[in-house]
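Taking it in order: structure first as structure tokens, then the write-up.
Put into structure tokens, the structure is as follows:
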């Protein structure tokens, strides 16, 4: 189980909008990483990706009293990133996610897969 409260809250925000393929990449042991965690998921369309990103932003603001310092990718919603400094959330459509495959860029990282909700 993930012991980081912000990461858990982000995952819950993703699950609120039925985000799929959620993974948490623990980067804390890497000095060269720009953050401690990636949370990665996907949606079925640009509308779904946009809804997931907004759900994360609103859910985290409400439950963890935190706002992202930056959000990018809202224009086309192929890949939206939310930057919480120590946690970066990546919300993809399926094809860009497979193309960039960022969860495997850090081969030695601990990766936790979160089961999709039914």
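In the numbering used here, the protein residues as written are 96 to 213.
The C-beta atom is built at its ideal place from N, Cα and C for all residues, glycine as well.
Count the other C-beta atoms from every protein chain shown that fall within 10 angstroms of the C-beta of residue 179, then say buried if there are 16 or more, exposed otherwise.
With 16 or more Cβ atoms within 10 Å of its Cβ, residue 179 is classed as buried.
When DSSP builds the beta bridges, which residues end up paired with residue 132? Note: residue 132 sits in a beta bridge opposite 121 and 182.
Discussion item. Suppose you measure from the CA of residue 104 to the CA of residue 189; what does that come to, to the nearest Å?
Written reply: The straight-line gap separating the alpha-carbon atoms of residue 104 and residue 189 is approximately 23 angstroms.
message: Relative to the C-alpha of residue 147, which candidate in 185, 213, 196 and 99 has its C-alpha closest?
response: Nearest neighbour of residue 147 by Cα position, chosen from 185, 213, 196 and 99, turns out to be 185.
Note to self: Whole angstroms are fine: how far does the CA of residue 175 sit from the CA of residue 145?
What the structure shows: Taking the straight line joining both Cα atoms gives about 8 angstroms.
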